[in-house]
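Residue numbers (the numbering used here), protein chains in the order written: chain A, 1 to 306; chain B, 307 to 891; chain C, 892 to 1081. Report on the structure given below.
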Amino acid sequence: MQESNAFCDKGSVVTGTPEASLTYGYYPGCSAHATAQEYDASVKAVFGALGLKLVEIEDWNCCGASSAHNLSHNLSVGLPARNLALIEQSGLETVAPCAACYNRLRVAQEEIAAHPDEFGWLGEALGGPLQGNAVVRSPISIMVEDVGLERIAAHVKRPLMGLKVVSYYGCLLARPRSISELADTEHPYELDDIMRTLGAEPLTWSYAVDCCGGSLSISRSDVARRMTQTIVDAARATGAHAIITACPLCQTNLEMRQSGKGQAKMPALYFTEAMGLAFDLPDTDKWWKKHLVNPRPMLSKLGLVA
Amino acid sequence: MSARIGVFVCYCGLNISSTVDVEAVAEALKGYPDVVVSTTYKYMCSDPGQKLIGEAVAEHHLDRFIVAACTPNLHLRTYRTLGANLGLNPFQVEQANIREQCSWVHQSDRAAATAKAVEVIKAVVEQIRRDEPLTPGEAAITRRVLVIGGGLAGIQAALDIADAGYAVVLVEREPYLGGHMRRLSGTYLNFNAPPGLLEERIERVTHHPNIQVLTQSEVIALSGYLGNFEAKVIQHDGEQEEPYTFDAGAVIVATGYETLPLTRLPMYGGGAIPNVIDGLSFEAMLNPDGPTGGQVRRPSDGQIPQHVVWLQCAGAREPASTTEGVAYCSKVCCMTTAKQTLQYKALVPEGQATVFYMDIRSAGLGYDEVVQRAMQEEDVLYLRGKVSRLFERDGKVIVWGADTLSGLAVEVEADLVVLQTPMIPRHDAAQVAQLARLSQSADGFFAEAHVKMRPVETFTAGVFLAGTAQAPRDIPETVAQASAAASKVLGLFALPKLVLDPTIATVDPAICAGCGVCLEVCPYDARSIDPWAKVAVVNPALCQSCGACVVACPNKASRLINSRPDQVLAMVDAALESCWEGRHG
Amino acid sequence: MAEMDTTFLSEVNRLSGQHIETCYHCHTCTAGCPVSADMRYGPDRVIRLIELGEKARVLTTPDIWLCATCETCSARCPNGIDVAKVMDTLRHLSAAEGYRSPEPRILLFHHLYLAVVRFLGRSHEAIMLGLYKLRSLDLLSDMDSGLVLVLRGKIPILPRRIKGVAGVRQIFEAAARADKLAQGTDHARE
Chain A
1 MQESNAFCDK GSVVTGTPEA SLTYGYYPGC SAHATAQEYD ASVKAVFGAL GLKLVEIEDW
61 NCCGASSAHN LSHNLSVGLP ARNLALIEQS GLETVAPCAA CYNRLRVAQE EIAAHPDEFG
121 WLGEALGGPL QGNAVVRSPI SIMVEDVGLE RIAAHVKRPL MGLKVVSYYG CLLARPRSIS
181 ELADTEHPYE LDDIMRTLGA EPLTWSYAVD CCGGSLSISR SDVARRMTQT IVDAARATGA
241 HAIITACPLC QTNLEMRQSG KGQAKMPALY FTEAMGLAFD LPDTDKWWKK HLVNPRPMLS
301 KLGLVA
Chain B
307 MSARIGVFVC YCGLNISSTV DVEAVAEALK GYPDVVVSTT YKYMCSDPGQ KLIGEAVAEH
367 HLDRFIVAAC TPNLHLRTYR TLGANLGLNP FQVEQANIRE QCSWVHQSDR AAATAKAVEV
427 IKAVVEQIRR DEPLTPGEAA ITRRVLVIGG GLAGIQAALD IADAGYAVVL VEREPYLGGH
487 MRRLSGTYLN FNAPPGLLEE RIERVTHHPN IQVLTQSEVI ALSGYLGNFE AKVIQHDGEQ
547 EEPYTFDAGA VIVATGYETL PLTRLPMYGG GAIPNVIDGL SFEAMLNPDG PTGGQVRRPS
607 DGQIPQHVVW LQCAGAREPA STTEGVAYCS KVCCMTTAKQ TLQYKALVPE GQATVFYMDI
667 RSAGLGYDEV VQRAMQEEDV LYLRGKVSRL FERDGKVIVW GADTLSGLAV EVEADLVVLQ
727 TPMIPRHDAA QVAQLARLSQ SADGFFAEAH VKMRPVETFT AGVFLAGTAQ APRDIPETVA
787 QASAAASKVL GLFALPKLVL DPTIATVDPA ICAGCGVCLE VCPYDARSID PWAKVAVVNP
847 ALCQSCGACV VACPNKASRL INSRPDQVLA MVDAALESCW EGRHG
Chain C
892 MAEMDTTFLS EVNRLSGQHI ETCYHCHTCT AGCPVSADMR YGPDRVIRLI ELGEKARVLT
952 TPDIWLCATC ETCSARCPNG IDVAKVMDTL RHLSAAEGYR SPEPRILLFH HLYLAVVRFL
1012 GRSHEAIMLG LYKLRSLDLL SDMDSGLVLV LRGKIPILPR RIKGVAGVRQ IFEAAARADK
1072 LAQGTDHARE
């Protein structure tokens, strides 16, 4: 049994090239050292390659995911609030690659700002009130807005020619609209833009922001299976080779819950993995090994891996 | 010469008398300086009431009288007319409001209400004592009307006025007349193609000796006032360089509507799905002069659609949604949908028509029967539920809706989807409003003077509204409203001259410094500075006696006729008399 | 027969911050809900039942637990009702007032997830899933994919506690107190 220490470092700092100019706080979320290790690794690798420094938020706690808001309104705000305080203290704009964490942190921030009286108890529990100025970003918007497609294009050494993909954002990155960084939450295009820049061919489909049922994956896997299958079937119908995603819950759910009856399963790649592959970064093989649906055969057939 | 004032206190049935002791009030006014007679009656505005006043005027040689009753807004004109008929100067007749501002609002304290009524009437006595006899002013009326907009409403109004013998200038932005109605393919209630209905009227308008039609034209300036407007129109046909200027006595605004653009409905495709069209586009398609020669076809491949789905309320009745719809109901879409389903079934009898609705608003004689015909005779499937979204799959449009009556979510595969979008104000409505001095409602439509009682007038005297520029409505309502606006204009033109209310603001030129502050505060643009005398002058046709200029004038040169400062101060003294003597009651 | 508990609507409105009575039952929420096929009523009819004061029926329906909080309903509601938030509120009320959940596994999952977070400051699949399997007696499902996850090294065995776990526990306690205050209920959680 493999202990995955290489990906579980606390307080890891990733430096890039000597001209590293921008530093972001890094909120990995609980899945980063568990079910989403390839996401964590690829985010760090890609940020590093682009000269962006990541400083992990010190002693962060679980954001509460779906369980907190399912059982307690105050807890669903309180758990992310502790992280918001830490982010404020760090003084850094912080990237939260996990869509659920991003969503919970931003929603909590909005709730506290909109109903300050309701959350007065937080001040005591946190040892001081929140300033309300923590900036939480998703990695998609950092790539598209801060880095820019031109700079990404400049790093592409191995264009992903022939790779057909559909971009899947899931529900947490798109809704509620007030916290989404996507320009159009019904028909988003950011991931398509990135994939096109990498040389891949993003295909049009209609399920980009539909829910995969991730929160029911363990407790009602039958429901999750149905929802996942709808998405995978739709992806397959376009002729895509893979689903590009930016949410650990979705990625795990899509790979775990799709039925393999009669056809090859469709891998779900994190968009940062695609970026790492296109940038020809060294550790990509380690990432493929982590998938439940191995993308290697598909990539090899397209001549994108040895 | 002192005045001889009559005071007539009205019971108004129980309206006043249940709170105010009317007899006591009349008694209290007897013996008040210059009050010669003070008496009561149950309904002063009635024939016997007016007869009573007439008799008193004759018997006591009154030269002015006050009726203490309801608000002057209701009956001042009645009593002034009575005064004139009795040989008095009508502007020496006043009405004291002891109902809306007394008995109705102080129902719990009879004694105090009665005392207040006395004070109010005494104040008005002080005013009337100092009232000067006045003669109404006059202004000429230009008997030509400017109609802005050559759609159905504009055409109807133009014909009504021209047929009565007056001149009409009809200005239309497009190169053709008829507006949106031209695009319609049928009407519910009778299915004759609207172009046919319109043709006859357009024919008459174009050849009418009294109507000057200016197409490809735009009104660029409108100044003046009721009976005396000046309009500038520019023609965009490249021939005429200079704007065409002319006078008009009235203006009818009939600029029509637009429909909600599909880009505001991203969950319904945002306008990017070829087989999702809006209601007007479906009309255009079925129009024999349209792109498909009157046949229903899918835009993507030209095939006949076997399953057409209509979505009512597409972007309407959304008061607080996160999409960009409008909050109001557009009124005509339910009927339009039913009509379109019948037209579709007539063209494609084996086709399936499905309608997603929230309510069916078929308020009109015979309207609901059209809808029932669709449901019962033509097997149009009506599903009660709003559609969550649309997307394409394998050449079809997938519709995710629901049916509340069964409680089930519903997925429908359509060949063609018709979004019944609401009417919205034109994108340039704000500019037209500024040009014609109109106000807009919260939704951007032009506002009428009173939503119930004055539906075709605006707050600018002489400017009237007709058609969908004011609110969503269908053809018969538009025609009716256009004729109503025309009748207002004809009523104006039938007068020999404009009679102007003389109780307006006036300027004492000896005191006026020509500073111009009053010009800025006047909401009716009724003032100007005389270029020679360098003092302010009042336009008697526009002044509404609001008094803002009186307040604003630093020199007290502006005053209201028959509400002069000496009058008002005397009224205040009378009203507060009891305060000097100590509290009563 | 409808229960007609008229206080239920105002309670839900207050706790969720919504105005449910502005719903005109267009059903857009149900139309777009990806889980509605598995629900008994669907979100729109749950809203209707709240209006009818059907407290027990609403708080014991599987619908509220099957809701995946994808917020499609909230995004599409023409009256701006945050239906997902109402669903959250119904879950809170159901759990806080001790109603038996018709989806005990879903409730169990959430409890255990949070219990682990309270203990460590972060979640930990191995402990959580282990406990879940034992308590739900759902021992055999997902054995295949579970094994694959373990083989890929995606289920770390050794738990790690954050330094500030005391602060996390404080938040749990303070939140529970705040919840009780808001709901005005003294019922212990399941």
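In this text, a Cβ means the ideal position worked out from N, Cα and C, and glycines have one as well.
- The beta-bridge partner set that DSSP reports for residue 709 of chain B consists of B:714.
- Taking 7 Å as the cut-off, the beta carbon of residue 143 of chain A is found no closer than this to the beta carbon of residue 165 of chain A.
- Contact between residue 99 of chain A and residue 247 of chain A holds: their C-beta atoms lie close to 4 Å from each other, under 8 Å.
- Among the CB atoms of chain B, one or more fall inside 7 Å of the CB of residue 916 of chain C.
- Secondary structure of residue 538 of chain B (DSSP, three-state): strand.
- As the crow flies, the alpha-carbon of residue 882 of chain B is around 11 Å from that of residue 421 of chain B.
- For residue 681 of chain B, DSSP assigns no beta-bridge partner whatsoever.
- Excluding its 5 nearest sequence neighbours in each direction, residue 400 of chain B has C-beta neighbours in its own chain below 6 Å: 372, 430, 434, listed in chain order.
- For residue 572 of chain B, the chain A residues whose Cβ falls inside 9 Å of its Cβ are 184, 185, 186, 187, in order along the chain.
- Annotated three-state conformation of residue 248 of chain A is helix, per DSSP.
- Under the three-state reduction of DSSP, residue 465 of chain B is assigned to helix.
- Taking residue 83 of chain A as the centre and dropping the five residues before and after it, the same chain places the C-beta of 27, 57, 60, 61, 63, 105 closer than 8 Å to its C-beta, in chain order.
- For residue 367 of chain B, there is no enclosing beta strand (DSSP E), since its DSSP letter is neither H nor E.
- When 8 Å is used as the limit between beta carbons, residue 206 of chain A is near these residues of chain B: 697, 698, 699, 704, in chain order.
- For residue 616 of chain B, the secondary structure class from DSSP, reduced to helix, strand or coil, is strand.
- Within the segment 32 to 91 of chain A, the complete beta strand (DSSP E) runs of at least 3 residues fall at 52 to 56.
- Within chain C, 1061, 1065 have C-beta atoms less than 9 Å from the C-beta of residue 124 of chain A, given in sequence order.
- Between residue 135 of chain A and residue 111 of chain A, the C-beta gap is not smaller than 7 Å, which leaves the two residues out of contact.
- When secondary structure is reduced to three states using DSSP, residue 553 of chain B falls in the strand class.
- The C-alpha of residue 931 of chain C is placed about 16 Å away from the C-alpha of residue 946 of chain C.
- Three or more Cβ pairs drawn from the segment 708 to 716 of chain B and the segment 915 to 929 of chain C lie within less than 8 Å of each other, which places the two stretches in contact.
- When only Cα atoms are considered, residue 899 of chain C and residue 973 of chain C end up about 17 Å apart.
- DSSP places residue 849 of chain B outside both helix and strand once states are collapsed to three, so it counts as coil.
- Between residue 326 of chain B and residue 419 of chain B the beta-carbon gap is near 5 Å, inside 8 Å, which marks them as a contact.
- For residue 315 of chain B, the secondary structure class from DSSP, reduced to helix, strand or coil, is strand.
- For residue 152 of chain A, the enclosing alpha helix (DSSP H) covers residues 149 to 155.
- The continuous stretches of beta strand (DSSP E) do not include residue 585 of chain B, which lies in the alpha helix (DSSP H) extending over residues 585 to 592.
- Residue-level contact check: residue 971 of chain C touches chain B, since one or more beta carbons of chain B fall below 7 Å from its beta carbon.
- Closest option to residue 664 of chain B, judged by alpha-carbon separation, among B:680, B:607, B:689, B:677: B:689.
- One thing to note: residue 666 of chain B has its Cβ no nearer than 7 Å to the Cβ of residue 533 of chain B.
- Remark: C-beta atoms of residue 929 of chain C and residue 957 of chain C approach each other more closely than 7 Å.
- For the 7 Å CB-CB criterion, residue 38 of chain A and residue 287 of chain A form a contact.
- The C-beta of residue 694 of chain B has 16 or more other C-beta atoms within 10 Å across all chains shown, which makes the residue buried.
- Residue 838 of chain B is classed as exposed because its beta carbon has fewer than 16 other beta carbons within 10 Å across all chains shown.
- Cα atoms of residue 654 of chain B and residue 643 of chain B: separation of roughly 16 Å, rounded to the nearest angstrom.
- For the pair of segments examined, the segment 185 to 203 of chain A was found not to touch the segment 215 to 225 of chain A: the number of CB pairs separated by less than 8 Å stays below three.
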